[in-house]
Amino acid sequence: MLVAEDIALAFADAGGGSFTALDVARFAPEPGRITAISGPSGSGKSTLLYVLAGLLPPQRGTVRDDAVSIYQLREGRRDAWRRRRIGFIFQDFHLVPELSPLANASLPATFARAGGARQRAAALLGELGVPTARRSIELLSRGERQRVAIARALLFDPPVILADEPSASLDRAAATELTAVLRRLAKDGRTVVLASHDDTLLAAADRHWRLDHGKLRTAA
Ligand SMILES: Nc1ncnc2c1ncn2[C@@H]1O[C@H](COP(=O)(O)OP(=O)(O)O)[C@@H](O)[C@H]1O
Ligand SMILES: [Mg+2]
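FYI, the numbering used here numbers position 60 of the sequence shown as 40, with every residue one higher than the one before it.
Structure follows, in structure tokens:
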């Protein structure tokens, strides 16, 4: 289980000082549940997801994944940990425009020895209803690109899914479809954490936290 404890993270500001972007006593999203984090722009949602993913070391505190304290791992080990344990869906997807849906979804396998990755990517794209015959993801709708990003995040079958405003600029139908996909992932026992302002997504969450200037509060 992924647990963040006693986290403090400050960024430098323009005036030569710093400000606290994250100040979280404990965050332990549960397997099998969708945990949502809402909060205004700049409240620290992306920062929290990056800290959980092992992408951004906090100045204080620990992130543990079962017995592993992830920021004690050397960078290469931490990258390997992330590939195995975390599926990250970035807000702007981080897809490669000139590559096909299949090439995009199997991209993480380029950096890791992983047999059968292309077959698995193809199967995931099929399950998610992405038209794989397109030559480039530039020919896909935004909702379809989103699903390519989800397939890529699921390539190594990680138990934890972190999604940063995954429904941003999706239409209602695509957001509803996305909700169903996230529900299915949680039902399979995965830990799903999403940052979102979207009422459709928030309504599908089992837990809802609000971030306010880097501090977590329970939401009504
Ligand atoms: N690398 C950085 N350097 C300095 N400030 C940053 C950096 N990344 C984010 N911030 C600031 O930290 C705060 C929280 O950012 P972020 O986590 O992206 O918020 P949210 O995702 O809730 O919109 C914002 O004020 C943002 O401008
Ligand atoms: Mg953000």
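By construction, the Cβ of each residue, glycine as well, lies at the ideal position given by its N, Cα and C atoms.
Because the structure is a prediction, the values reported are computed rather than measured.
Worksheet item: With a Cβ-Cβ cutoff of 7 Å, do Ala133 and Ile69 count as a contact?
Response: As a working note, residue 133 is residue 153 in the sequence shown. As a working note, residue 69 is residue 89 in the sequence shown. Yes, Cβ-Cβ distance for Ala133 and Ile69 is below 7 Å.
Worksheet item: Under 7 Å between the Cβ atoms of Ala(-16) and Gln39?
Response: Position 4 of the sequence shown, counted from the first residue, corresponds to residue -16. Position 59 of the sequence shown, counted from the first residue, corresponds to residue 39. No.
Worksheet item: Does the beta-carbon distance from Val140 to Arg65 come in below 7 Å?
Response: Taking the sequence shown and counting its residues from 1, one reaches residue 140 at position 160. Taking the sequence shown and counting its residues from 1, one reaches residue 65 at position 85. Yes.
Worksheet entry | Alpha carbon of Arg54 to alpha carbon of Val48, nearest angstrom | As a working mapping, residue 54 is identified with position 74 in the sequence shown. As a working mapping, residue 48 is identified with position 68 in the sequence shown. Their Cα atoms are separated by approximately 12 Å.
Worksheet item: When the Cα atoms are used, what is the spatial distance from Ser146 to Arg115?
Response: Counted from its first residue, the sequence shown places residue 146 at position 166. Counted from its first residue, the sequence shown places residue 115 at position 135. What sits at residue 146 in the sequence shown is Pro, not Ser. Pro146 and Arg115: Cα-Cα distance of roughly 24 Å.
Discussion item. Please tell me whether Arg58 and Gly34 are closer than 7 Å, where the distance is taken between their beta carbons.
Written reply: Reading the sequence shown from its first residue, position 78 is the one you call residue 58. Reading the sequence shown from its first residue, position 54 is the one you call residue 34. By the CB criterion at 7 Å, Arg58 and Gly34 fall inside the cutoff.
Worksheet entry | Per-residue DSSP class, three states only, for Ala(-10) | Numbered from 1 along the sequence shown, position 10 holds the residue referred to as residue -10. Strand at Ala(-10).
Worksheet item: Any heavy atom of ligand 1 closer than 6 Å to the CB of Gly(-5)?
Response: Residue mapping note: residue -5 aligns to position 15 of the sequence shown, counting from 1. Not so, every heavy atom of ligand 1 lies at least 6 Å from the Cβ.
Item to complete: State yes or no: is the C-beta of Ser80 nearer than 6 Å to some heavy atom of ligand 1?
Response: Looking up residue 80 in the sequence shown gives position 100. Answer for Ser80: no, Cβ out of range of ligand 1.
Practice prompt. May I ask you to check if the CB of Thr159 is nearer than 6 Å to at least one heavy atom of ligand 1?
Written response: Here residue 159 corresponds to residue number 179 of the sequence shown, with the count starting at 1. Every heavy atom of ligand 1 is 6 Å or more from the Cβ of Thr159, so no.
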